[in-house]
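All remarks here apply to the structure that follows.
Set out below in structure tokens:
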């Protein structure tokens, strides 16, 4: 009997000692796990405790041992970090983690944000984050992930953000994202995605933002975005899309911003943007559109206020195509960009003049004034002749002592950046566009002009033009291709000195081309040269594209010569004063 008592006591002592040792080891493990100096474990963490409670709240960890298995006992030590709400695992020592550490995460049920980056994770397995019931953000950028398995992200009621940027993902399968009712933002930028399976996002009913730019997508269909009824921003830029088919975006009834920039889009189907009644921003810049054939392409885009067709290959933009949305660009916050296309210089562009007169956006007005087009050979020759005629007839100078002014309007700009194109507003008359809603800036000398003055456009004579503002002129005339009528001056009727010219009022800041040319040769009176453009371009005012500059005409007022009547008046005055003096004293 005594023997069994001894055995029982020895057994109890052994159990107690082992428990004590285990407890000590756990304390040491926890201490070492967050100790940057004396840590001897395979994982090292930098931990920060709460100010009010003696509990770890954030932990930033990295591996210090290669080939660490997923079932290694070291992951059990994360049980002591159960109160941490933010965990970061990165490649600090040059050792990349090769998997999602599910065995560590199962203890961290209070985790709100997890960020794993610079790893070498080939795939995200099913239920990899299953125990994180309160997690709000999962960031997995730069991990070389290739595969997202079915149910990789599932049953996270509070999850709002998933970041999968800069990985090697090639396709998005169905049921990867399941029951994520709070998810609002999904980032898949800079992957290698070529395929999105039908209804891959069907469970993301509250998603607001989806970014899939810089991938390799080449086709979409009407089932690609099924279920995303609350999506507001979709970024598909820098992919390989060639065609936008009918009803592609039909499920996106609340979409406000759609970015399709830098794709290879050549065609837009009739119902390409069907269902996007709330869309306000559409970016189609840097694609391969040559012509938008269907007149119903933009139909139904009642809220569209910003449209970019910049840097395509457009050779035509029919007014019938733009008609359904043209009124949307009348507001102050609207804009349409068609720069860097191959639009021909003909009257099919005249709808821009109507838009310029009706829009309240000054930036858009200036953009239309600087709209460039490609002239055909005949129009280019006619333009060259017109310029030669203006140089011979409009640039008449009158020299009077130290001043020199220009009689007719003179317009100049640097055409080295036009690349063979011309401003549509300049050649509109030559193209026989008879719409009188807008008046081009160049006028023949014989036209009666009524001028509405806005802040004038100034430019310098350097290779890069500088634009500040614009100038609009209105007139009524019969357009004709005949030569300008000759002006006959009868020089025998009256001597020159009997004429008086009424000077034209000018702003002090306005200078003619002649003044600009002579400013460095001779100082100008009243120090007006201080306000003039210098001979060198000012970098802070240099614009990216060439613009026109217009200087108003000024007329010199010649000095009147005194005739013999002046001396007679003086003599009569002296005689009258003498008589008055004598009568006063006598």
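In mature numbering (1 follows the signal peptide of the UniProt record, and there is no 0), the protein residues as written are -19 to -1, 1 to 567.
We put the CB at the ideal spot given by N, CA and C, even for glycine.
The structure displayed is predicted, hence computed values, not measured ones.
Within the model, the alpha-carbon separation for residue 369 versus residue 316 is close to 36 Å. If you draw a straight line from the Cα of residue 141 to the Cα of residue 263, it comes to about 26 Å. By the neighbour-count definition (other C-beta atoms within 10 Å, threshold 16), residue 138 is an exposed residue. Residue environment analysis places residue 197 among the exposed positions, since fewer than 16 neighbouring C-beta atoms fall within 10 angstroms of its C-beta. Spatial neighbours of residue 344 in its own chain (CB-CB distance under 8 Å, excluding positions within 5 residues in sequence) are listed in chain order as 316. Distances from the alpha-carbon of residue 144 to those of 218, 151, 413 and 121 put 121 closest.
Judged by pairs of C-beta atoms under 8 Å, the region 114 to 128 touches the region 149 to 156, as three or more such pairs exist. Cβ-Cβ distances below 8 Å link residue 282 to 254, 257, 258, 260, 263, 305, 306 and 309 in the same chain, with the five nearest sequence neighbours on each side left out; the list follows chain order. Closest in alpha carbon position to residue 176, among 78, 154, 99 and 159, is 154.
Listed in chain order, the non-local C-beta contacts of residue 361 below 8 Å within the same chain comprise 403, local neighbours out to five positions each way being set aside.
By the beta-carbon neighbour count (other beta carbons within 10 angstroms, threshold 16), residue 75 is exposed. Contact between residue 69 and residue 42 holds, since their C-beta atoms are separated by about 7 Å, short of 8 Å. A direct Cα-to-Cα measurement between residue 111 and residue 205 gives close to 27 Å.
Within the same chain, 132 and 135 come within 7 Å of residue 108 by CB-CB distance, once the 5 residues on both sides are set aside. With contacts defined as CB atoms closer than 7 Å, residue 187 and residue 211 qualify as a contacting pair.
Per DSSP, residue 289 lies in no alpha helix (DSSP H) segment; the continuous beta strand (DSSP E) that holds it begins and ends at 287 to 289. Partner residues in the beta bridge of residue 158, as assigned by DSSP, are 134.
Here the C-alpha atom of residue 348 lies approximately 45 Å from the C-alpha atom of residue 117.
One Cα belongs to residue 53, the other to residue 226, and the distance between them is close to 51 Å. Shortest Cα-Cα distance from residue 67 to any of 49, 79, 84 and 40 involves 40. In the DSSP assignment, residue 23 is bridged to no other residue. Here DSSP, grouped into helix, strand and coil, assigns residue 328 to helix. In this structure, residue 322 and residue 293 form a Cβ contact; the two beta carbons are roughly 6 Å apart against a cut-off of 8 Å. Under the three-state reduction of DSSP output, residue 359 falls in the helix class.
Counted as a single uninterrupted DSSP element, the alpha helix (DSSP H) harbouring residue 86 occupies residues 83 to 86. Between residue 339 and residue 311, the C-beta spacing is below 7 Å.
A residue is called buried once 16 or more other Cβ atoms fall within 10 Å of its Cβ, and residue 558, having fewer, is exposed. Assignment of residue -14 by DSSP, reduced to helix, strand and coil, places it in the helix class. Scanning its chain for C-beta atoms nearer than 7 Å, with the 5 sequence neighbours on each side dropped, one finds around residue 195 the residues 170, 171 and 219, in chain order.
Residue 237 and residue 18 have their C-alpha atoms some 52 Å from each other.
If you look at residue 303, you'll find it in the alpha helix (DSSP H) that goes 300 to 303. Judged by DSSP secondary structure, residue 350 falls within the alpha helix (DSSP H) whose first and last residues are 343 to 350.
Using a 10 angstroms sphere on the CB of residue 50, the tally of other CB atoms stays under 16, which defines it as exposed.
About 7 Å separates the beta carbons of residue 298 and residue 319, which is inside the 8 Å limit, making them a contact pair.
When secondary structure is reduced to three states using DSSP, residue 558 falls in the helix class.
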